[in-house]
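*Asks:* My structure is below; once you've seen it, I'll send some questions.
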Amino acid sequence: CTRGYIKPFPSVRYGHPAIEAARSLVEAGVGGKGEIERVLVETYDLPATLVERDPQTELAAKFSLPWAVASMLVRGSAGPDDFKNMDDDAIRTVSRLVEVVESPQMTSRTPHDRPARVTVWTERGEHMCEVDRSAGGPDMPMPAVDVITKFSSMAGRVIGPSRTDSVV
10 CTRGYIKPFP
20 SVRYGHPAIE
30 AARSLVEAGV
40 GGKGEIERVL
50 VETYDLPATL
60 VERDPQTELA
70 AKFSLPWAVA
80 SMLVRGSAGP
90 DDFKNMDDDA
100 IRTVSRLVEV
110 VESPQMTSRT
120 PHDRPARVTV
130 WTERGEHMCE
140 VDRSAGGPDM
150 PMPAVDVITK
160 FSSMAGRVIG
170 PSRTDSVV
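Shown next as structure tokens:
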């Protein structure tokens, strides 16, 4: 697919740059249960509306930037199962620590860029990552291996691993 989008995460597309920034922080060793004291997400105007810190349903979680970022920071993932388990106290605790704000400077960079900056404060200090735009669009396609991994994880639930492997 060269003109459409393949969403890496099962949440609202506007939030993906912040989720990717959180993933980069996790890959750098930031995050985990009990370590996070505060999280600030600075982003452009559209995702800055996704502020629900305490979603009660799977659909509400998919439209909650705090939940998606918290899931990535706590579990290292923001996949389908991370939006279904609304009883995950660790994600809920961190989600309540996430503040989402619009940065007029970032809004001025749209539509070319769709930026987000995630800053996490822990007992070890301040950790920050900024992403200009997220993967999955025509300007930055997902790597083939990531598309296959996503397809396999989703299709395997429906048609089983054997048939999924034959399609791949």
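Taking our numbering, the leading residue of the sequence shown gets 10, the next gets one more, and so forth.
Note that CB positions come from ideal geometry on N, CA and C, so glycine has one too.
1. Between the segment 51 to 59 and the segment 19 to 29, do at least 3 Cβ pairs fall closer than 8 angstroms?
2. What does DSSP give as the partner residues of MET137 in its beta bridges?
3. Based on the DSSP secondary-structure assignment, which residues constitute the bridge partners of MET149?
4. Starting from ARG62, follow its DSSP beta bridges and name the residues at the other end.
5. In three-state terms, what does DSSP make of LEU49?
6. Within 10 Å of its beta-carbon, does VAL107 have 16 or more other beta-carbons around it, so buried, or fewer, so exposed?
7. Which residue marks the beginning of the alpha helix (DSSP H) containing GLU36, and which one marks its end?
*Replies:* In terms of the structure at hand:
1. Enough Cβ pairs lie closer than 8 angstroms, so yes.
2. Answer is THR128, bridged to MET137.
3. DSSP output for MET149 lists GLY146 as bridge partner(s).
4. ARG62 is not bridged to any residue.
5. In the structure shown, LEU49 adopts extended strand secondary structure according to DSSP, grouped into three states.
6. Looking at its Cβ environment, which holds 16 or more other Cβ atoms inside 10 Å, VAL107 is buried.
7. Per DSSP, the continuous alpha helix (DSSP H) segment holding GLU36 begins and ends at 25 to 36.
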